[in-house]
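**Student:**
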Amino acid sequence: MTGPLHEPRRAVVGVTANRQLLDGVHRDRLRRRYIEALERHGPVECVILPTLDGDLPWEVSVSRLRRVLARLDGLVLTGDESNLDPAVFAGEQRAWSRGADDVIPEARDRPRDRLSSAVLTVALELDMPVLGICRGFQEMSVHRGGALHADLKALGGAVVHSENPDVPRDQQYLPAHGVRVAAGGWLASLVGEVELQVNSLHNQGITAVPPGVRPEAVAQDGVIEALSYTASDTFQFGVQWHPEWHAANDATSQKLFKAFADACLVYQAKERESA
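What follows is the structure, encoded as structure tokens:
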């Protein structure tokens with residue numbers, strides 16, 4: 139009779155859900171691609187964080203999430219088709235409180251905005267590893283007071299950032315344009331390259347970052363495609379593209395998820411030592 143298999147130590151991370159309004163019914167949802175990439179290439183275990191309706195005041199919501207994140211080792215801010223409402227991140231009471239127009243399919247998701255605003259606040263208090271993807275990348279900038287371009291097409295740049303709806307979904311996540319990796323940054327140290335080819339499925343975007351945020355990669359038209367927080371040595375990094383979709387065959391994506399998981403394990407060990 140053989141003994142139990144030895145499982146390597148794994149971190150536990152919170153992954154943000156999104157709100158879906160279907161047939162008049164509110165649902166929280168999350169694409170499996172994020173979970174698969176995190177568990178296979180991290181590796182980590184995932185806990186899904188539900189969206190917030192805004193029925194509770196900001197302070198109460200943050201207090202509750204402090205208790206949740208105190209049990210976790212990292213935070214992942216996922217992507218979604220909806221656009222951000224910066225008013226939620228600015229702390230405007232009108233946007234925080236529940237409204238009849240909170241969810242507009244593929245356009246607005248204030249319950250997700252509330253969740254991301256609150257969990258980012260707590261994660262930074264705890265100096266926890268953070269990985270932002272697409273929408274989550276934008277949330278990391280807006281949370282620090284960064285401006286967000288609502289429609290990149292209006293800028294008239296040379297790069298098409300939105301997906302082509304006329305091709306199959308899997309093809310939409312193939313590389314679409316190049317990004318220049320900033321010299322001396324964290325991403326450069328990870329990939330060891332000056333340019334990457336990335337997919338592109340976003341209408342909103344950022345061309346300048348607020349204080350405390352460093353651009354890590356920039357597209358030809360000046361749109362920032364990766365960033366990191368500078369106030370901490372902890373992994374707090376975001377990308378505008380979707381590394382999860384083709385992670386099984388993409389070495390850069392695998393390095394990214396592995397680096398995040400490693401940071402979560404370091405954080406886990408520090409928390410155990412201080413407990």
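Sequential numbering of the sequence shown, starting at 139, is according to our numbering.
Note that beta-carbon positions come from the ideal geometry of N, C-alpha and C, so glycine has one too.
Does the stretch 337-356 come into contact with the stretch 230-240, if we say contact requires no fewer than three beta-carbon pairs (one atom in each stretch) closer than 8 Å?
**Tutor:** No contact exists between the stretch 337-356 and the stretch 230-240.
**Student:** Looking at the structure shown, is Leu187 part of a helix, part of a strand, or coil, going by DSSP?
**Tutor:** The residue you call residue 187 lines up with position 49 of the sequence shown. The answer is strand: DSSP assigns Leu187 an E or B state.
**Student:** Using three-state DSSP, classify Asn156 as helix, strand or coil.
**Tutor:** By 1-based counting over the sequence shown, the position of residue 156 is 18. The answer is strand: DSSP assigns Asn156 an E or B state.
**Student:** Can the beta-carbon of Arg232 be found less than 8 Å from the beta-carbon of Thr154?
**Tutor:** Taking the first residue of the sequence shown as position 1, residue 232 is located at position 94. Taking the first residue of the sequence shown as position 1, residue 154 is located at position 16. Going by C-beta atoms, Arg232 is not nearer than 8 Å to Thr154.
**Student:** Does the contact criterion of 3 or more C-beta pairs under 8 Å hold for the stretch 322-329 versus the stretch 254-269?
**Tutor:** In short, these stretches do not touch, since the Cβ pair count stays below three.
**Student:** Quick one: grab the DSSP three-state call for Asp251.
**Tutor:** In the sequence shown, counting from the first residue as 1, residue 251 sits at position 113. Three-state result, Asp251: helix.
**Student:** Measuring alpha carbon to alpha carbon, tell me which residue in Ala288, Gln374, Glu277 and Ala397 is nearest Val226.
**Tutor:** Residue mapping note: residue 226 aligns to position 88 of the sequence shown, counting from 1. The candidate whose alpha carbon is nearest that of Val226 is Glu277.
**Student:** When you compare each of Asp265, Leu293 and Leu312 to Leu213 by their alpha carbons, which one comes out closest?
**Tutor:** Stepping through the sequence shown from its first residue, residue 213 is reached at position 75. If we check each option's Cα against that of Leu213, Asp265 comes out closest.
**Student:** Go ahead and pull the three-state DSSP assignment for Ser391.
**Tutor:** Working through the sequence shown from its first residue, we reach residue 391 at position 253. Looking at Ser391 - three-state DSSP - the assignment turns out to be helix.
**Student:** Where does Glu239 sit, in a helix, a strand or coil, going by DSSP?
**Tutor:** In the sequence shown, counting from the first residue as 1, residue 239 sits at position 101. Correcting the residue type first, residue 239 is Asp in the shown sequence and not Glu. In this structure, Asp239 counts as coil in the three-state DSSP scheme.
**Student:** To the nearest angstrom, how far is the alpha carbon of Gly322 from that of Gln392?
**Tutor:** Stepping through the sequence shown from its first residue, residue 322 is reached at position 184. Stepping through the sequence shown from its first residue, residue 392 is reached at position 254. Going by the C-alpha atoms only, they are around 21 Å apart.
**Student:** Is Ile344 helix, strand or coil by DSSP?
**Tutor:** On the sequence shown, position 206 is the one that residue 344 refers to. Looking at Ile344 - three-state DSSP - the assignment turns out to be coil, as it is neither helix nor strand.
**Student:** Following the continuous beta strand (DSSP E) through Val98, name the residue where it begins and the one where it ends.
**Tutor:** Residue 98 is absent from the structure shown; the chain starts at 139 and stops at 413.
**Student:** If we count Cβ pairs, one from each stretch, closer than 8 Å, do we get three or more for the stretch 148-163 versus the stretch 178-185?
**Tutor:** Contact between the stretch 148-163 and the stretch 178-185 is present, because at least three Cβ pairs lie under 8 Å.
**Student:** Express the C-alpha separation of Gly162 and Val404 in angstroms, rounding to a whole number.
**Tutor:** Mapped onto the sequence shown, residue 404 falls at position 266. Mapped onto the sequence shown, residue 162 falls at position 24. Roughly 43 Å separates the two Cα atoms.
**Student:** Can you list, in chain order, the residues of its chain whose CB lies under 6 Å from that of Arg352, leaving out five sequence neighbours each side?
**Tutor:** Along the sequence shown, read from residue 1 onward, the residue named residue 352 stands at position 214. Correct list, in chain order: Ser366 and Thr368.
**Student:** Using only CA atoms, which one of Gln358, Gln310, Asn387 and Asp223 lies nearest to Val280?
**Tutor:** Against the sequence shown, residue 280 aligns to sequence position 142. Here the closest residue by C-alpha is Asp223.
**Student:** Counting only runs that start and end within the stretch 301-332, where is the beta strand (DSSP E) found for 3 or more residues in a row?
**Tutor:** Listed in chain order, they are 315-319.
**Student:** Are Ala320 and Gln358 touching if we call contact CB-CB under 8 Å?
**Tutor:** On the sequence shown, residue 320 is found 182 positions in, with the first residue counted as 1. On the sequence shown, residue 358 is found 220 positions in, with the first residue counted as 1. Going by C-beta atoms, Ala320 is not nearer than 8 Å to Gln358.
**Student:** Do you know how far the Cα of Phe375 is from the Cα of Leu334?
**Tutor:** As a position in the sequence shown, residue 334 is number 196, starting the count at 1. As a position in the sequence shown, residue 375 is number 237, starting the count at 1. Cα-Cα distance, rounded: 16 Å.
**Student:** What residue ranges within the stretch 344-388 form continuous beta strand (DSSP E) runs of no fewer than 3 residues, ordered along the chain?
**Tutor:** Runs of the beta strand (DSSP E) inside the stretch 344-388: 351-357, 362-367 and 374-377.
**Student:** State yes or no: is the C-beta of Ala346 within less than 8 Å of the C-beta of Glu354?
**Tutor:** For this step, residue 346 is matched to residue 208 along the sequence shown. For this step, residue 354 is matched to residue 216 along the sequence shown. No, these two residues do not count as a Cβ contact at 8 Å.
**Student:** Mind checking Ala292: buried by the 16 CB within 10 Å criterion, or exposed?
**Tutor:** By 1-based counting over the sequence shown, the position of residue 292 is 154. Answer is exposed; the Cβ neighbour count stays below 16.
**Student:** Using only alpha-carbon positions, find the residue among Gln309, Leu160, Gly360 and Glu230 that is nearest to Gly294.
**Tutor:** The sequence position of residue 294 within the sequence shown is 156, counting from 1. The shortest Cα separation from Gly294 among Gln309, Leu160, Gly360 and Glu230 belongs to Gly360.
**Student:** Alpha carbon to alpha carbon, what distance is there between Arg246 and Ala288?
**Tutor:** On the sequence shown, position 150 is the one that residue 288 refers to. On the sequence shown, position 108 is the one that residue 246 refers to. When rounded, the distance between both Cα atoms is 12 Å.
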